[in-house]
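Asker:
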Amino acid sequence: MAPPLEAIEGGTGILPAHRRRKRLQLSDGIERCSESLAAAWRNTVSAGAAKFSASLPSFRRQVPPSSDGRHIPLGARWQDVELRDQRTGKPYVSNFIRSNRYTLWDFVPRQLVFQFMKIANFYFLIIAILQMIPGLSPVASYTTGAPLIVFVSFSIAKEGYDDYRRYRLDKVENRSDAWVYDPDGVAKKAMSKSKKPRTSGKGQKKRERLDDEAGNGTELRQMGRRSGSLDDAWTRVQWQDVRVGDIVRLARDKQVPADMVLLSATGPSGIAYIDTMALDGETSLKSKQACPLLAKRCGTVADIASCDAVVVSEDPNLDIYSFDGRVTVGDETVPLTMNQVVFRGSTMRNTKEAYGLVINSGEECKIRMNANKGSRAKNPAMQAITNRIIFFVVFVLIMLAVGIKIGNDMFEASYGSTAWYMFGARLKTTEQIFGVIILLNTLIPISLYVSLEIVKIGQFWMIQDVEMYDPETNTPIVANTTSILENLGQVSYVFSDKTGTLTENIMRFQKMSAGGYVWHHDMGVTDEAPDGELRTRDLLEHLKGSPNSPLSERALHFVLCTALCNTCLPEVKDNGDIEFQAASPDELALVNAARELGYVIVDRDSENIKLNREGADGKVRTEVYGILDVIEFTSDRKRMTIILRTPDNKILLLSKGADSALLPRLRLKKLAERVADSVSRRTSKRRSMRMESLKSPHDPESPTMSPAGGRRGAGHDVPMLPDADIFEACFRHIEDFASDGLRTLLFSYRYVDEADYRSWKREYLEAETSLTDRQARIDEVASRIEADLELAGITAIEDKLQRGVPETIDKLRRANVKVWMLTGDKRETAINIGHSAKICHAFSDLFILDATDGDVKDTIEGVLQEVDEGAIQHSVVVIDGLTLTLVEQDEACKKLFYLLLTRVDAVICCRASPAQKANVVKCIRDQVPGSLTLAIGDGANDIAMILASHVGIGISGREGLQAARISDYSIAQFRFLQRLLFVHGRWNYVRTSKYILGTFWKEIVFYLNQALYQRYNGYTGTSFFESASLTVFNALFTSLAVVLMGIFEKDLSAETLLAIPELYTYGQRDKGLNFVKYVGWMVLGTAEAFVISFAVWGAYNVAYSNEDTTIFSIGNVAFSVCVIFINIKMLLIELHNKTIIVFGGFLITVTGWWLWNLVLAGVYTESIGPYIVKGSFIHGFGRTAVWWLSVIGALAAVVVLELAVKSIRRIYFPNDTIIMQELEQKQRKKEAATAGRRGRGGDVSGGGGGHNEIDGQELEGQGRNHGFGASGKAPR
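Per my numbering, the sequence shown runs over residues 53 to 1328.
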């Protein structure tokens, strides 16, 4: 619920809090009272209930960490050695899992606590209890209790069904089959002691039959039955019987039953391909290899039986992206990492068989510990105003009860002595007040929550839009929650990742900088390099023609870096082609570029890399590089290093990473830093001059520097430059590449002395095998060898913008939505993409906050002052992760910075960590009251900000589905955000607003007739309506009216909403549901209740002097008018999108009301009292024309009032929506007339049915004529 802008363009965009309060002056007192009541509720009932619920049994317990992880001997389980958890002193937990939240014993009490923590349900519970007190209720005791039981039971049943489904799924998983190594029959004995045989009888035969049909069960079963063979030692067990220490045999396309350390695999080079889709959402297969120490000793069953190894594993934790462990065999110890473990929930693919040692089981597996972790319950923004309305209605109800009591006292004073028929009876004050509260209790609709759930389900169905389907990836929109659908119509801030979100995440190697020259890579791509620019094929010619030159030596190491410094695995296809399995699109682009340059990895295992390369003589030869160590990339290190044994027995270190990470590690780092600073200053000056020229297009262009690498010539004629010139050229190339929007990586290398390496290796092995602070110790030791590096070169990889991104961001800006980009890329790359994506404009003022340029606090103060002066048309702040870290460390500077963020139009945060992205989102949530944030990203590094935002959108991208799975909604392309927000977001906001307003309005219209009737019964609390009809009023006769409104309403067409984004501010400014609008609806409802009541009473006074004037017949007139009028208003007057379903709902409800009267007349027994129901409708008042004329007259009067008010509002007080509805209507008439002329002229080529579509471009032009679009300011 963003504060409105004074104009779409310009201004700060922040509406001061005092102006918002000024609009609600009439309701300030009521709101303060409501908020006080809400606070009291939270501090008493809700807090107590939450404590009670938390005290109920839970199956998860916190345990202290162990001193050195869990030690698991390889043969402990089959030797019947009981393994115990050092943390608890008890055996390790079983592999049984439980996702259901309840048991048979605690389901009912916990659900009752949960249901009655809802304010409305608790309110109705109190009313139902009061109704049960004899003599207190003026209506039947079931009128509130019965519907409450039905609605609460429905909610409980829904939760129970969902929990039962979870139980059934758990049951299937727990009873899945697994094979464990059991040479001594320990597992069989344990199973025989259980109450029921686990794998016998029909169940086992059925599983065997299913395995045979799948083609993978017969071999395993035969292996288990082979008499006298070692395979006889395998036993089939259920997953729930697997224990820590078991050795499990995995088969192709079978799921992994527990977290395991891989012992061996039958794949090429001992690789097992693992599908982790269910665990992290990534679609690419992961290659896992057993560590060499285990792979050599556990290749067969006989080897496993004789292997004496101890695996030490870290304590169970949530992190699915890292693992620390070690394995010891004899005196030899090696580390275990993510490459050697497979987690429960994964599936083995393209690998016939593998063995694994179970290290975590059951609820301690990674996937189970991550179940429902990290997710924060997100509530709709409308919930706050709805709760205030509920408290306000309670206040009104109490005032009505007090007023009716005062009326009764006045009646008693005036007529009590002469009312002989009262026989002196008097009502007590408490009885009368509580009686009136009971009588009018459903001024708060009892079906509010349940009907809203139905509405949300309908909206969920309606949001499945084919226009948001991406045929290229076969990806539709996916809604993971229904609770915040209306929030999509109120977004004021969008926080976007760059790579894979704004860009395609399809990487293409474009350029490289080596030896001080730019080399354009035109191999495998269609576009050629600019005339005269060096090409990579020139570099290859130079390598062949002058293999021993200094430039060739540097270029050779650069190409080796691109080919070898990665974790890609080659996979040979049936046709002989090599396809690489890469961890990221960047690595795939680099290794493919190396292949195009003639350096191809043909095989890779845990120990060696085989590389094919063409020699100077033109012959291809295979070189084998031994893998000594791989120091993997982390977000903190920002670099990756691999240490190799070259074919000539030298030790070569290759490293790649961000320039900021590798620059301080170069051999000539002082020279490099000095040159880098000089280049950076010149680039900043050049950028400033370019920005000034863009702002003043008539000024003469600023001089530009000649392109880097300006020397031209044949490849073998390129001379070697001095180091200073190389550094200057390379850093200028980095700036130029980033300015072109290219992703840059710096490559370096060095040769390591054998003795130095052995000394370093001992320290590194100790850090690798440590289970405490392993990563920190690895980083510290790695930094010692990653020093004195030689600069090899720089790569530039292109990642194009997705289609429609600039147009989408431009429309978001017009819709008063601020778009911020939070990325881990370089500043220059981020700024360039910002310009391309229209986050920045030619007229934008860029304020770069850089800690290396001076005091950041002074800079922020200066920028804040300049922005506050209001002379800036569009302000953009650019900050990097390092500067943001320093800002967050200084509290005063932090406050200033976050204040600045609320004042500017856009922010580009580069080099940002996932935590920093989330902090920026939280800052806006906290610092901008009424803001509603949306975060959109595609990778695991975006999950934190997605969870921190009000609405999280995941892109189903090439980095996997991690973000899409954790988000509230997922889409395939950024451009779909237009339709998701402007169309479905706004529709859902309007629908939910009208549902809430209509729900409270209909209660006012109906139940005020009860209150007005008190004037005619001495304010005694007598009900105007019969109890059975009163009980089902909401459920049967008015629920469809508001539910269909909440599902099908479309106040404007999709074409209009997309053409004129300014209409989106309707939700941002809370125009659909606010306290003033609620009061307006209630005032109108009150007036309509008066019209109905006095029309009915007037008709009976005049025409019914000698007819049936019982309460039932009179009340039935008012009841009938209310039912029909509520359905007419909600379905025929207010709802714009009238479909066959809407008309069907109207007919069903109205017809059902008359059928209900027939049923009542038949099922009631004859009795004497104020409500004579038996046969009255069929044989009594239902046969009189006067009764029907009374219904028609009262209905006509109230419909005329409704139409009159609506007409006055549309003519004299039109809002944006009304104006655009009229423009749409005119265009439809125009298109219908055009279609009619075509039909009469016989021209059918214009496209049949086209007249039903709205021309968005024409509407946008008409909208500009009414103040939209160009000026950015809609008429108020």
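We put the beta carbon where it would ideally sit given N, CA and C, even for glycine.
So, is Y1130 buried or exposed, given that buried needs 16 or more other C-beta atoms within 10 angstroms?
Answerer: Within the sequence shown, the letter at position 1078 stands for residue 1130. Y1130 is buried by the Cβ-count criterion.
Asker: For R879, which of R1038, E787, K969, D137 has the nearest alpha-carbon?
Answerer: Within the sequence shown, residue 879 is the residue found at index 827, counting from 1. Measuring from the Cα of R879, the nearest candidate turns out to be E787.
Asker: In this structure, does DSSP put L1110 in helix, strand or coil?
Answerer: Translated into the one-based positions of the sequence shown, residue 1110 becomes position 1058. If DSSP states are grouped into helix, strand and coil, L1110 belongs with the helices.
Asker: Can you give me the Cβ contacts of A1246 inside the same chain, cut-off strictly under 6 Å, excluding the 5 residues immediately before and after it?
Answerer: The residue labelled residue 1246 in the question sits at position 1194 within the sequence shown. Around A1246: I1144, A1147, V1148, V1173.
Asker: How far does the beta strand (DSSP E) with Y13 in it extend, from its first residue to its last?
Answerer: Outside the displayed range of the chain (53 to 1328) lies residue 13, so it cannot be described from this structure.
Asker: Determine the burial state of K257: buried for a count of at least 16 other Cβ atoms within 10 Å of its Cβ, exposed for fewer.
Answerer: In the sequence shown, residue 257 corresponds to position 205, counting from 1. Residue placement at K257 is flagged as unreliable, the pLDDT there being 48, under the threshold of 50; the coordinate-derived value follows with that caveat. Flag for K257 reads exposed.
Asker: Leaving aside the five residues before and after A1139 along the sequence, list all residues of the same chain whose C-beta is less than 6 Å from its C-beta, in chain order.
Answerer: Position 1087 of the sequence shown holds residue 1139. For A1139, where only same-chain residues beyond five positions count, there are no Cβ hits under 6 Å.
Asker: Which same chain residues end up closer than 7 Å to D840 when comparing Cβ atoms and leaving out the 5 residues on each side of it in sequence?
Answerer: Here residue 840 corresponds to residue number 788 of the sequence shown, with the count starting at 1. Once the five neighbours on either side are set aside, the close Cβ partners of D840 are R719, R802.
Asker: Which of the three DSSP states is assigned to G989 in this structure?
Answerer: Working through the sequence shown from its first residue, we reach residue 989 at position 937. Of the three classes helix, strand and coil, the one that applies to G989 here is strand, per DSSP.
Asker: How is the alpha helix (DSSP H) around Y219 delimited, first residue to last?
Answerer: Working through the sequence shown from its first residue, we reach residue 219 at position 167. Y219 -> alpha helix (DSSP H) spans 194-226.
Asker: Between which two residues does the alpha helix (DSSP H) containing V308 stretch?
Answerer: Locating residue 308 in the sequence shown gives position 256, counting from the first residue. First-last for V308: undefined, no H or E at that position.
Asker: Select from Q341, N660, I849 the residue whose C-alpha is nearest the C-alpha of H572.
Answerer: For the purposes of this step, residue 572 is taken as the residue at position 520 of the sequence shown. It is I849 whose Cα lies nearest to the Cα of H572.
Asker: In terms of residues, what are the limits of the alpha helix (DSSP H) holding I912?
Answerer: To locate residue 912, count along the sequence shown from 1; it is residue 860. First-last of the alpha helix (DSSP H) with I912: 908-920.
Asker: What is the residue span of the alpha helix (DSSP H) that G552 lies within?
Answerer: On the sequence shown, position 500 is the one that residue 552 refers to. Taken as a continuous stretch (DSSP letters only), G552 belongs to no alpha helix (DSSP H), as it is neither H nor E.
Asker: Under the rule that 16 or more other beta-carbon atoms within 10 Å means buried, what is I1056, buried or exposed?
Answerer: Along the sequence shown, read from residue 1 onward, the residue named residue 1056 stands at position 1004. With 16 or more Cβ atoms within 10 Å of its Cβ, I1056 is classed as buried.
Asker: Could you spell out the range, first to last residue, of the beta strand (DSSP E) harbouring D932?
Answerer: Residue 932 sits at position 880 when you count from the first residue of the sequence shown. From DSSP, the beta strand (DSSP E) with D932 extends over 927-932.
Asker: Here's a check: name, in chain order, each residue in its chain whose Cβ is nearer than 8 Å to the Cβ of K223, leaving out the five neighbours to either side.
Answerer: As a working note, residue 223 is residue 171 in the sequence shown. For K223, where only same-chain residues beyond five positions count, there are no Cβ hits under 8 Å.
Asker: Taking Cβ to Cβ, would you say Q633 is nearer than 8 Å to E623?
Answerer: In the sequence shown, residue 633 corresponds to position 581, counting from 1. In the sequence shown, residue 623 corresponds to position 571, counting from 1. The answer is yes: Cβ separation under 8 Å.
Asker: Between V30 and the rest of its own chain, which residues show a CB-CB distance below 6 Å, the 5 nearest in sequence each way excluded?
Answerer: Limits of the chain in this structure are 53 at one end and 1328 at the other, which puts residue 30 out of reach.
Asker: Decide if the segment 987-1000 is in contact with the segment 1077-1089; the criterion is three or more beta carbon pairs, one per stretch, under 8 Å apart.
Answerer: No: the two stretches stay apart, fewer than three of their Cβ pairs being nearer than 8 Å.
Asker: For A99, count neighbouring C-beta atoms within 10 Å of its own C-beta (all shown protein chains included) and say buried if the count is 16 or more, exposed if not.
Answerer: The residue you call residue 99 lines up with position 47 of the sequence shown. Its pLDDT being 48, under 50, A99 is placed unreliably in this model, and the coordinates cannot settle the point.
Asker: Let me make sure I understand the geometry here. Which of A436, C359, L388 has the alpha-carbon closest to that of A342?
Answerer: Locating residue 342 in the sequence shown gives position 290, counting from the first residue. Among A436, C359, L388, the Cα nearest to that of A342 belongs to L388.
Asker: Identify whether Y373 lies in helix, strand or coil by the three-state DSSP scheme.
Answerer: Reading the sequence shown from its first residue, position 321 is the one you call residue 373. Coil.
Asker: In the DSSP assignment, what residue or residues form a beta bridge with Q633?
Answerer: By one-based count along the sequence shown, residue 633 stands at place 581. Q633 pairs with L621.
Asker: D1103 bridges to which residues according to DSSP?
Answerer: Walking along the sequence shown from the start, residue 1103 turns up at place 1051. D1103 pairs with nothing; no bridge assigned.
Asker: To the nearest angstrom, how far is it from the Cα of S707 to the Cα of S800?
Answerer: Indexing the sequence shown from 1 puts residue 707 at position 655. Indexing the sequence shown from 1 puts residue 800 at position 748. Near 5 Å, if we compare the C-alpha coordinates of S800 and S707.
Asker: Determine the extent of the alpha helix (DSSP H) in which K969 is found, giving its start and end residues.
Answerer: Position 917 of the sequence shown holds residue 969. Per DSSP, K969 belongs to the alpha helix (DSSP H) from 966-979.
Asker: Does DSSP put L135 in a helix, a strand or coil?
Answerer: Indexing the sequence shown from 1 puts residue 135 at position 83. Looking at L135 - three-state DSSP - the assignment turns out to be coil, as it is neither helix nor strand.
Asker: Of all the options A1141, P528, D862, N618, which has the alpha carbon lying nearest to the alpha carbon of A1249?
Answerer: Against the sequence shown, residue 1249 aligns to sequence position 1197. It is A1141 whose Cα lies nearest to the Cα of A1249.
Asker: Nearest to P116 by alpha carbon, out of P368, Y325, I208?
Answerer: On the sequence shown, residue 116 is found 64 positions in, with the first residue counted as 1. The option with the nearest alpha carbon to P116 is P368.
Asker: Roughly how many whole angstroms lie between the Cα atoms of I976 and T935?
Answerer: By 1-based counting over the sequence shown, the position of residue 976 is 924. By 1-based counting over the sequence shown, the position of residue 935 is 883. I976 and T935: Cα-Cα distance of roughly 18 Å.
Asker: Who are the Cβ neighbours of A889 in its own chain at under 7 Å, not counting the five residues just before and after it?
Answerer: As a working mapping, residue 889 is identified with position 837 in the sequence shown. Closer than 7 Å at the Cβ level, and outside the excluded window around A889, lie L554, L853, V857, P858, I861.
Asker: Could you have a look at A996 and say whether DSSP puts it in helix, strand or coil?
Answerer: Counted from its first residue, the sequence shown places residue 996 at position 944. Three-state result, A996: helix.
Asker: Given this structure, state the Cα-to-Cα distance separating R814 from I695, to the nearest angstrom.
Answerer: Here the question's residue 814 lines up with position 762 in the sequence shown. Here the question's residue 695 lines up with position 643 in the sequence shown. Near 15 Å, if we compare the C-alpha coordinates of I695 and R814.
Asker: Got a sec, what are the start and stop residues for the alpha helix (DSSP H) I1166 sits in?
Answerer: Residue numbering aside, residue 1166 sits at position 1114 when the sequence shown is read from its first letter. Note, I1166: alpha helix (DSSP H), 1163-1179.
Asker: Which same chain residues end up closer than 6 Å to D994 when comparing Cβ atoms and leaving out the 5 residues on each side of it in sequence?
Answerer: As a first step, residue 994 must be located in the sequence shown, where it is residue number 942. Closer than 6 Å at Cβ, skipping near neighbours: D549, A1015.
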